Structures are given as C-alpha cells and as structure tokens.
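In case it helps, the numbering used here puts the sequence shown at residues 1 to 301.
Heads up, the beta-carbon is just placed ideally off N, CA and C, and yes, glycines get one too.
Everything numeric in this text was worked out from a predicted model, so none of it was measured.
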Amino acid sequence: MTLADAIDRLYDLHPGTTPMVEGSPHERPHKPLLILAALDLIDEGLASADRIPWSHELRDRFSARFLVVRKHNDQNSPENPFLYLQSEGFWQSWIEEDGTRIPLQSTPLVNQIGKVFARFTDGFEHLIAKPNKRQMLRESLISRYFPQLSYALQSISEIENPTFCVAEDARDSGRSPAFRRLILDIYDHQCAACGLRIRLASGNDVSFIDAAHIIPFSESRNDHPTNGLALCKNHHWAMDRDIIAPGPDLQWHVAKHLDPRRSNGEKELHELAGKSLLLPKDPAFHPHEGALLWRCERLSA
Ligand SMILES: [Zn+2]
C-alpha cells in the first residue's frame, strides 16, 4: 500500500448521503470524522494504528469536529462508523473478552468502553504509524470531505480557537488550508515551473509557493492532489490568466502572443516553452491528464 493508494482509498470512502427530501443531498461526515479522531488519539499517544480503543477520548475528538461540520439531521454518533468502517476493507473492530477477540457485529455502546477496539489493516497501519504519512492522510481527508472548513479541523487543539469559515471563493486562490498543505508537501515547496523554493521558518503558512488548482475548484469541485500544482506567485498568476499552461506532454506551453522582445517578464515566461514540469517523484501524484488538457486548450492564442 503506497501513500497514493491510501489517499485514493480515503477519497473513495462510502460515507452515505442524506435523502433528497432535505434539499441538496450531502455526504455524511461520520466515516472521515472517525478516522480523524483515531489519528488524533494516535498523535496523542492514546492509541496505536493497530489498537484504537473505543473510549471517551475518541468520542470527544469525534464530537468536537462533528459540531463544526454537522448538517441537516446528522447525528453525533461515532458508534456507527466505528462499526461500519469495516466495510471499507482497512478497519477491523472487535470486542475483547477474556483475552479473545470477537468481531464487532453491532454498534458499540458507551458501557462497552474498555472492551471494544479497532485497528487499521490492509497496509494502512504501516502508513499511519509514521507521523509524516499520518499527517498527509489527515490532510487528504480534510481536503476531500471538509474543504469549506479551515484550520479548526486540522488538529484538535486548534478547535478551541475556531477560526474556520473560509469563504468559498477564497479557495481558488489556493487558500484551502488542507489542499494547500498537501500540495506543498507533495511538491516539497517547489514551483513546478521555475523550481523556486523559498520556505520561511514557520512552516507552510509562510511559504512563497502557492497550491494551484489546475482546473479551478469552482468548476471542478476537485481537491484531489492530481488536480493540484505547486507554483510560485508569478507562475500561478500567469497560469490563471492562461498565459502559460502545463500540458499533457508534461511540458510547459506558452501563449503565442507573448513577445520576448517586449519585456524581461515576457522573455522569462516565453523561455518556459518546452521545459518539463517539475513534478513529485511519485508518479501517482502527477497531474491528471484530463486536467492538463483542459488547461492547454484554454491557453490564449
Ligand atoms: Zn515559478
């Protein structure tokens, strides 16, 4: 199980949706929230990837985020995903009695705390055991399921200072925090056009590099890393204005109207033509071909 495979699996959870009678259907948040709560417990040393206790702490971590993301008639019910995550093929839950493990058949009750446990399986346990991989999986979940929310969901300690509520239109400028962190991690803070990498001391928030959507979020609703590209401010600006475009041949293309004689800025952009995109090592994270085609077709004549 590679990190990219795991991210794909998390993107394809079967979360269940609300019925149409409530207006626009929405995905239930329970499965991704329970995974986030389990990751919290592991961060805090209260669980490990192969032993996650059904506990008050787990329920608390679930509830804290649930209150932020709930919609319609969503119920604060961590017991449901604790059981039903098993259908995803990477989660097993059981009851322990006299040292024997009995597979969990029904949702656990509060009075079963201390007797019910779960673990990640199918290769997830190895990734989740590593703090940096765990963080990337966390960011993928938030990016996919809760993109409208901000730092409040990143780590539980930040929930006490809720600063969530990123405006929807802020997202296309690469300011969705989870998408941003994920893309910057994957590209190691390097612009995919010029290779510029400037990273100041205190982490992603002050990086000079943007996480750009290849097809804008407003159009694609797609925060998967294969719809992202790390770009410096200049190249992000130029791509958004269809002056440069990453192509399906994994090379940069430039608008024909650019005149390298006119200014140094245009000369520099013009020189990008035919250069390879600077991409992450793992091809599973390379941009989606359809997205690159979309970009190239929009390039100004
Ligand atoms: Zn650049």
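Start and end of the alpha helix (DSSP H) containing residue i?
i: LEU33; result: 30 to 43
i: ILE183; result: 177 to 186
i: VAL110; result: Run containing VAL110: none; DSSP gives neither H nor E here.
i: GLU266; result: 264 to 270
i: SER218; result: 217 to 220
Tell me whether residue i sits in a helix, a strand or coil according to DSSP, three-state version.
i: LYS130; result: coil
i: GLY290; result: helix
i: ASP8; result: helix
i: PHE164; result: With a pLDDT of 36 at PHE164, under the threshold of 50, the modelled position of that residue is not reliable, and the figure given next carries that caveat. Reduced to three states, the DSSP call for PHE164 is coil.
i: SER173; result: For SER173, the predicted model reports a pLDDT of 46, less than 50, meaning its position is unreliable and no value from the coordinates is stated.
i: ILE156; result: Bear in mind that a pLDDT of 47 at ILE156, under 50, signals an unreliable position, so the model cannot answer this.
i: HIS307; result: Not covered by the structure: residue 307. The range shown for the chain is 1 to 301.
i: GLN251; result: strand
i: ILE244; result: strand
i: PHE62; result: helix
Could you spell out where the beta strand (DSSP E) holding residue i opens and where it closes?
i: GLY228; result: 228 to 232
i: PRO81; result: Segment 79 to 84 is the alpha helix (DSSP H) holding PRO81; no beta strand (DSSP E) there.
i: SER87; result: Careful: SER87 lies outside any beta strand (DSSP E) and carries neither H nor E.
i: HIS213; result: 209 to 213
Am I right that residue i and residue j are in contact with their C-beta atoms under 8 Å? What's the rounded C-beta distance?
i: THR226; j: PRO287; result: 6 Å
i: LEU39; j: ILE128; result: 7 Å
If you check the beta carbons only, do residue i and residue j fall under 8 Å apart?
i: LEU10; j: LEU141; result: yes
i: SER55; j: ILE113; result: yes
i: ALA245; j: LEU269; result: no
i: ALA211; j: LEU184; result: yes
i: LEU34; j: PRO103; result: no
i: GLU96; j: LYS71; result: no
Q. Is the region 133 to 148 touching the region 6 to 13 in the sense that three or more CB pairs, one from each, lie closer than 8 Å?
A. yes
Q | Inter-stretch contact at 8 Å, needing at least 3 Cβ pairs: the region 119 to 131 / the region 47 to 54 | A | yes
Q. Can you find at least 3 beta carbon pairs, one from the region 213 to 229 and one from the region 263 to 276, that sit closer than 8 Å?
A. no
Q: Could you tell me whether the region 230 to 250 touches the region 183 to 200, using the rule of 3 or more Cβ pairs below 8 Å?
A: yes
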